[in-house]
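Peer 1: Protein chains in written order, with numbering that gives the first Met the number 0: chain A, 0 to 183; chain B, 0 to 183; chain C, 0 to 183; chain D, 0 to 183; chain E, 0 to 183; chain F, 0 to 183. Next up is a structure, given as structure tokens.
Protein chains: 6
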Amino acid sequence: MMNREDQIMQQKNVKVIRGLYVGRFQPYHLGHQEVIKKISKEVDEIIIVIGSAEESHTIKDPFTAGERVVMICNSLGDLRGKCYVIPLRNINRFAVWVAHLLSMVPKFDIVYSNNHLVTQLFEESGFEVRKSPMFDRTVMSGTRIRQMMKSGENWSHLVPREVLLEIEKVRGVERLKKIMENDI
Amino acid sequence: MMNREDQIMQQKNVKVIRGLYVGRFQPYHLGHQEVIKKISKEVDEIIIVIGSAEESHTIKDPFTAGERVVMICNSLGDLRGKCYVIPLRNINRFAVWVAHLLSMVPKFDIVYSNNHLVTQLFEESGFEVRKSPMFDRTVMSGTRIRQMMKSGENWSHLVPREVLLEIEKVRGVERLKKIMENDI
Amino acid sequence: MMNREDQIMQQKNVKVIRGLYVGRFQPYHLGHQEVIKKISKEVDEIIIVIGSAEESHTIKDPFTAGERVVMICNSLGDLRGKCYVIPLRNINRFAVWVAHLLSMVPKFDIVYSNNHLVTQLFEESGFEVRKSPMFDRTVMSGTRIRQMMKSGENWSHLVPREVLLEIEKVRGVERLKKIMENDI
Amino acid sequence: MMNREDQIMQQKNVKVIRGLYVGRFQPYHLGHQEVIKKISKEVDEIIIVIGSAEESHTIKDPFTAGERVVMICNSLGDLRGKCYVIPLRNINRFAVWVAHLLSMVPKFDIVYSNNHLVTQLFEESGFEVRKSPMFDRTVMSGTRIRQMMKSGENWSHLVPREVLLEIEKVRGVERLKKIMENDI
Amino acid sequence: MMNREDQIMQQKNVKVIRGLYVGRFQPYHLGHQEVIKKISKEVDEIIIVIGSAEESHTIKDPFTAGERVVMICNSLGDLRGKCYVIPLRNINRFAVWVAHLLSMVPKFDIVYSNNHLVTQLFEESGFEVRKSPMFDRTVMSGTRIRQMMKSGENWSHLVPREVLLEIEKVRGVERLKKIMENDI
Amino acid sequence: MMNREDQIMQQKNVKVIRGLYVGRFQPYHLGHQEVIKKISKEVDEIIIVIGSAEESHTIKDPFTAGERVVMICNSLGDLRGKCYVIPLRNINRFAVWVAHLLSMVPKFDIVYSNNHLVTQLFEESGFEVRKSPMFDRTVMSGTRIRQMMKSGENWSHLVPREVLLEIEKVRGVERLKKIMENDI
């Protein structure tokens, strides 16, 4: 039987590969879910960073970080055990953004992103950036779903059931409609 | 067979009870672990808030939020699926602190705390606060463990194995010793 | 004759009803004045919050908080004794905005607002929100007055005399014109 | 009869002399009240700045700015009409502090202060600083009153009746005691 | 021979005239260089303030403050010894901006600026503001150079050689192109 | 004769070695000067970072960044042409501090420091840190000089003549004495 020291030594040699995936998730939808499923086949653990965490109650960012944490965690199912879901506030100093993120999340090996700025910043810091797996953005996009919420179209088939549930609980559609009225 | 609408309706009636537990976890130790195990018997889900998230590399707060996320998540074992582990930065305006926290975490029902200020702030906001389950603070305390790290005493039996592993990975004891030298 | 303790007890039973009215007041005009007069008939005391207090010297917010305090206080006349005039800086985190405001002003009972976001935020926090009394916004509006200042039209009949006086004292029209030149 | 233009011209020639008085007012007590009464004999209007406005729920600063606004405004009696009571948040950059204050309050002519740093900062900016009228600080001081609140001594004769009332309304003594327990 | 005290006395009587010149320098180009040369004939020393110092990696502000420091210092040649090159972060409170700047740079006598807001702010603070010497802005402008970088036109003749060198070293054109893609 | 492209190519191959030296310089004294002279023999250019740039008017940090810029630049003599003197504000997040500094200064190769925290932070980021050249800290130290200023002892032989001059110009000793009175 291995003693404790040996177990630790052994574990230190087992390298866990972690991928990073950053989004605003306003709201979390089936496109995001698909991406995470695909990433999960390439890495051992996924760090899901909820960006713009301190934003809420705006047309672009209606949901709080807490609400988005619930949406994501409850939708992950079996994947939850291998995901870290971490809200991250914006700091509008891009030269410091990577260091800011690094201090808030577990160490990772691969960044998944299609955003050019995110890609640029991580590459300048020496990270490997892979293109995120693609989904059909003309159908699944936060912007489109928020627009459908406003106009009264049916958007419920575009999000996991648990997201629908959370949005109903917090009366999210009513909130969004109210906020959008200010714009008129 | 239930259709989707019905399922959602049903779920809305199932109330999940959530408890909140706030700490700095510098580092996460067996006392914290014990508390979380006890709380897990009273509630369905636990929100573990890592306070002072933006602090690190000080004598009082040597570890980054990311390192503390790893310590906690990896130590939770079977409980991980029912826990949310969320780093929260300090805002030194106590009148706003509860609202700050509320926006960053899932809704919760019960606060577990022995801290008088935390208790006062949540009670002024109308929350139920229960005393945290107790453990022997003369043995298990972050302050004591950090002191032992510095003086070279053995502290490894006071933390979960996964915490020991993470601290070794980031060379945490060396970091703490170095920082403490500045104080002399 | 009542002793001191009794007087206090008695006063504690006299509930003062306070209304809250939030604006940017760039500048304070007769429309605002009218609203405050109407509110003053429904409540005992009015809290007038000067929003975006740290803004000044911009096209949208030319006047400092201090200048706006003078405009309002000097125009209130007999109402001044039942008004609190309080500058409040913006914090662009709407989930925390109500708590921020609450900590800076006396407790209040009714919010007067026609702004949808303000209404939404206070209602989510459990406050009663009433529509502000209306005035003719096509005639009286800060935006229009600032536009008239720039183009040289006569706007002085749209503001209380004390506001005119303060704007002359700080040479506000010259300031606004100068700032607007940058935009060309 | 004077027309409007003439009235304004006339008013512009009437110079209102304003004094500035800065304090934390934790709580507002009879010493402060005495100072303000004396200042009111030297100037036409007084600007009372509530410093450390965003502080509350600490041993040094237990009361919110809103609570302090109530304490002061309600105690001023006949003087209220010639006072501006303005909460001001701390910015811990002394080289900018005077400009920060200037932008938040009406223009003033004389600063009343016994604080050496405040005096230094205003004098470097070219202001006239007068010593505040004195009161017996061994009897009347915020620090002493907070200490008496904690130890259960009678402090109520040291504050205006309206302050006592506000502290009872917000259960201020209980709050302070609770916060102080953390320190033990 | 003069002793030390005398030397100091003498130096105190020699008044050094300093001019202030503020820009974002994204990038530093020959128009800026020309201005600085002309100013150098009117004053003894020039303070060159790099505004928006914490901005970088955006379309409007692609270069870091550090990169801009190198561009300027290396291009100054013989003038370097009489220039102070100082990065200054934005604080979006114009009422405090002059005080913020004053605390970060040596004392100066004349402000050179063609920006209306800058002129307004310094004049309200009692400074002498002179129009900057002019250059042909339709040819030389940061905006135009950044646009040329993107479109692949030749811009290298518009900047000092040392600027070209620094931009190549940090692969600035590639950075800018990448960032601009996000906008499409 | 080389054409422009060739010159640039050539320069790109000439590697300039830069050293970094961080201090608060309250005030800049002959110990600092000695260190910089020694470093100047090991590297081509020196980046002198003025830490805690936004601090001033305190016992620990009496002088503004602008005043410290003057002290240093004027004392450097022949070395000025190979030095960059850059004020840097504190951000109290050590995990991000190195990235913050990197974005504000030219790229550098070697860090000179005897501070354990600074050393730790740069080493975690992969930088080479060398011990600063030593001087006699029992004689030359900012703390000691400030103490001497207060007590009226002679300190003028401990600083370069230009520092003495600047401190006299801003009446620094009077400022420090005034601030220190608050502490009594």
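Idealized CB from N, CA, C, for every residue including glycine.
#1: Would you decide whether C:Asn73 is buried or exposed? Buried here means 16 or more other CB atoms lie within 10 Å of its CB.
#2: So if DSSP puts D:Arg145 in a beta bridge, which residue, or which two residues, is it bridged to?
#3: With distances taken Cα to Cα, identify the nearest neighbour of D:Lys176 among B:Ile49, B:Arg170, B:Gln119, B:Lys106.
#4: Since C:Gly18 is in the beta strand (DSSP E), which residue starts that stretch and which ends it?
#5: Alpha carbon to alpha carbon, what distance is there between F:Arg174 and D:Ile109?
#6: In the DSSP assignment, what are the bridge partners of D:Cys82?
#7: Three or more C-beta pairs under 8 Å: does that hold for the segment 78-88 of chain A against the segment 77-85 of chain F?
#8: When you compare only the Cα positions, how much space is there between C:Met0 and A:Glu167?
#9: Mind listing which residues of the segment 95-126 of chain C have their C-beta closer than 8 Å to chain D's C-betas, in chain order?
#10: Over what stretch of residues does the alpha helix (DSSP H) that includes F:Val95 continue unbroken?
#11: Any idea if C:Gly30 is buried or exposed, counting beta-carbon neighbours within 10 angstroms, 16 or more meaning buried?
#12: May I ask you to list the residues that DSSP assigns as paired with A:Glu127?
#13: Excluding sequence positions up to five away, which residues of its chain have a Cβ less than 6 Å from the Cβ of A:Ser124?
#14: Check D:Asp77 in the structure and name its three-state DSSP category.
#15: Along the chain, where does the alpha helix (DSSP H) containing D:Met179 start, and where does it finish?
#16: For the 8 Å Cβ check, are there 3 or more pairs between the segment 24-41 of chain F and the segment 154-167 of chain F?
#17: From A:Glu127, A:Lys40, A:Trp154, pick the residue whose C-alpha is nearest to that of A:Val138; which is it?
#18: Would you mind giving the Cβ-Cβ distance between F:Ile46 and F:Arg17, rounded to the nearest angstrom? I have them listed as a contact below 8 Å.
#19: Going by the CB atoms, is the gap between D:Glu53 and B:Arg92 shorter than 8 Å?
#20: Determine the burial state of D:Thr142: buried for a count of at least 16 other Cβ atoms within 10 Å of its Cβ, exposed for fewer.
#21: B:Met70: buried (16+ other C-beta within 10 angstroms of its C-beta) or exposed?
#22: Quick one: give me the first and last residue of the alpha helix (DSSP H) that B:Gln32 is part of.
#23: Indicate the three-state DSSP secondary structure (helix, strand or coil) for B:Met0 in the structure shown.
#24: Can you check which of these residues, A:Asp43, A:Gln32, A:Val34, is closest to A:Val15 by C-alpha distance?
#25: For D:Ile35, which residues in the same chain have their Cβ closer than 8 Å to its Cβ, ignoring the five residues on either side in sequence?
#26: Could you tell me if D:Val95 is buried or exposed, where buried requires 16 or more neighbouring beta carbons within 10 angstroms of its beta carbon?
#27: Hey, how far is the Cα of F:Ser140 from the Cα of F:Glu33?
#28: DSSP three-state label for F:Glu165, please.
#29: Could you check if C:Asp60 is buried or exposed, using at least 16 other CB atoms within 10 Å of its CB as the buried criterion?
#30: Alpha carbon to alpha carbon, what distance is there between B:Glu180 and F:His115?
#31: Which of helix, strand or coil does DSSP assign to E:Ser55?
#32: Smallest Cα separation from F:Gly171: which of F:His56, F:Ile38, F:Arg129?
#33: Out of A:Ser39, A:Ser112, A:Ile178, A:Glu66, state which residue places its alpha-carbon closest to the alpha-carbon of B:Pro105.
#34: Residues in its own chain within less than 8 Å of A:Ile90 by CB, not counting five upstream and five downstream?
#35: So is E:Pro86 in contact with chain F if we call contact Cβ pairs under 8 Å?
#36: Residues of the segment 56-69 of chain B in Cβ contact with chain A at a cutoff of 7 Å, in chain order, please.
Peer 2: With the structure as the only source:
#1: Position 74 of the third sequence, counted from the start, is the residue given in the question as residue 73 of chain C. Answer is buried; the Cβ neighbour count reaches 16.
#2: The residue labelled residue 145 of chain D in the question sits at position 146 within the fourth sequence. In DSSP, D:Arg145 forms no bridge with anything.
#3: Counting from one through the fourth sequence, the residue named residue 176 of chain D turns up at place 177. The option with the nearest alpha carbon to D:Lys176 is B:Gln119.
#4: Position 19 of the third sequence, counting from 1, holds the residue named residue 18 of chain C. Unbroken beta strand (DSSP E) run through C:Gly18: 17-22.
#5: Residue numbering aside, residue 109 of chain D sits at position 110 when the fourth sequence is read from its first letter. Residue numbering aside, residue 174 of chain F sits at position 175 when the sixth sequence is read from its first letter. One C-alpha to the other measures close to 21 Å.
#6: Translated into positions along the fourth sequence, residue 82 of chain D becomes position 83. Answer by DSSP bridge pairing, in chain order: D:Ile45.
#7: Segments in contact, no.
#8: Locating residue 0 of chain C in the third sequence gives position 1, counting from the first residue. Locating residue 167 of chain A in the first sequence gives position 168, counting from the first residue. Unreliable placement is indicated for C:Met0, whose pLDDT of 45 sits below 50; the coordinate value is still reported in the next sentence. Rounded to the nearest angstrom, the two C-alpha atoms are 59 Å apart.
#9: Taken in chain order, the members of the segment 95-126 of chain C whose beta-carbon sits within less than 8 Å of a beta-carbon on chain D are Leu101, Ser102, Met103, Val104, Pro105, Lys106.
#10: Walking along the sixth sequence from the start, residue 95 of chain F turns up at place 96. For F:Val95, the enclosing alpha helix (DSSP H) begins and ends at 93-103.
#11: Residue 30 of chain C sits at position 31 when you count from the first residue of the third sequence. Its Cβ being crowded by 16 or more others within 10 Å, C:Gly30 is buried.
#12: By one-based count along the first sequence, residue 127 of chain A stands at place 128. Within the DSSP bridge table, the entry for A:Glu127 names A:Ile109 as partners.
#13: Taking the first sequence and counting its residues from 1, one reaches residue 124 of chain A at position 125. Closer than 6 Å at Cβ, skipping near neighbours: Val97.
#14: Your numbering for residue 77 of chain D matches position 78 in the fourth sequence. DSSP places D:Asp77 within a helical segment (H, G or I) once states are collapsed to three.
#15: Mapped onto the fourth sequence, residue 179 of chain D falls at position 180. From DSSP, the alpha helix (DSSP H) with D:Met179 extends over 171-180.
#16: yes
#17: Residue 138 of chain A sits at position 139 when you count from the first residue of the first sequence. Nearest C-alpha to A:Val138: A:Trp154.
#18: Within the sixth sequence, numbered from 1, the residue matching residue 46 of chain F stands at position 47. Within the sixth sequence, numbered from 1, the residue matching residue 17 of chain F stands at position 18. 6 Å between Cβ atoms; contact.
#19: Along the second sequence, read from residue 1 onward, the residue named residue 92 of chain B stands at position 93. Along the fourth sequence, read from residue 1 onward, the residue named residue 53 of chain D stands at position 54. In contact: B:Arg92 and D:Glu53 (Cβ atoms closer than 8 Å).
#20: The residue labelled residue 142 of chain D in the question sits at position 143 within the fourth sequence. The residue in question, D:Thr142, is exposed, as its Cβ has fewer than 16 Cβ neighbours within 10 Å.
#21: Counting from 1 along the second sequence, the entry for residue 70 of chain B is found at position 71. Looking at its Cβ environment, which holds 16 or more other Cβ atoms inside 10 Å, B:Met70 is buried.
#22: Here residue 32 of chain B is taken as the residue at index 33 of the second sequence, counted from 1. Segment 29-38, the alpha helix (DSSP H) holding B:Gln32.
#23: Position 1 of the second sequence, counted from the first residue, corresponds to residue 0 of chain B. The pLDDT assigned to B:Met0 is 46, lower than 50, so where the model puts this residue is not dependable; a value taken from the coordinates is nonetheless given after this. Coil, per DSSP.
#24: Indexing the first sequence from 1 puts residue 15 of chain A at position 16. When only C-alpha atoms are compared, the closest one is A:Asp43.
#25: Residue numbering aside, residue 35 of chain D sits at position 36 when the fourth sequence is read from its first letter. Excluding residues within five positions, the ones whose Cβ falls inside 8 Å are Tyr20, Ile45, Ile47, Leu75, Leu78, Cys82.
#26: Position 96 of the fourth sequence, counted from the first residue, corresponds to residue 95 of chain D. When all chains shown are included, D:Val95 counts as buried.
#27: Taking the first residue of the sixth sequence as position 1, residue 140 of chain F is located at position 141. Taking the first residue of the sixth sequence as position 1, residue 33 of chain F is located at position 34. For F:Ser140 and F:Glu33, the distance between alpha carbons rounds to 13 Å.
#28: Within the sixth sequence, numbered from 1, the residue matching residue 165 of chain F stands at position 166. Correct three-state label for F:Glu165: helix.
#29: Here residue 60 of chain C corresponds to residue number 61 of the third sequence, with the count starting at 1. With 16 or more other Cβ atoms within 10 Å, it is buried.
#30: Here the question's residue 115 of chain F lines up with position 116 in the sixth sequence. Here the question's residue 180 of chain B lines up with position 181 in the second sequence. Cα-Cα distance, rounded: 7 Å.
#31: Here residue 55 of chain E refers to the residue found at position 56 when the fifth sequence is read from its first residue. Three-state result, E:Ser55: coil.
#32: For the purposes of this step, residue 171 of chain F is identified with residue 172 of the sixth sequence, where counting begins at 1. Between F:Gly171 and the set F:His56, F:Ile38, F:Arg129, the nearest pair of CA atoms involves F:His56.
#33: By one-based count along the second sequence, residue 105 of chain B stands at place 106. Here the closest residue by C-alpha is A:Glu66.
#34: Position 91 of the first sequence holds residue 90 of chain A. Here the set comprises Trp96, His99.
#35: For the purposes of this step, residue 86 of chain E is identified with residue 87 of the fifth sequence, where counting begins at 1. Yes - at least one Cβ of chain F is within 8 Å of the one on E:Pro86.
#36: Thr63, Ala64, Gly65, Val68, Val69
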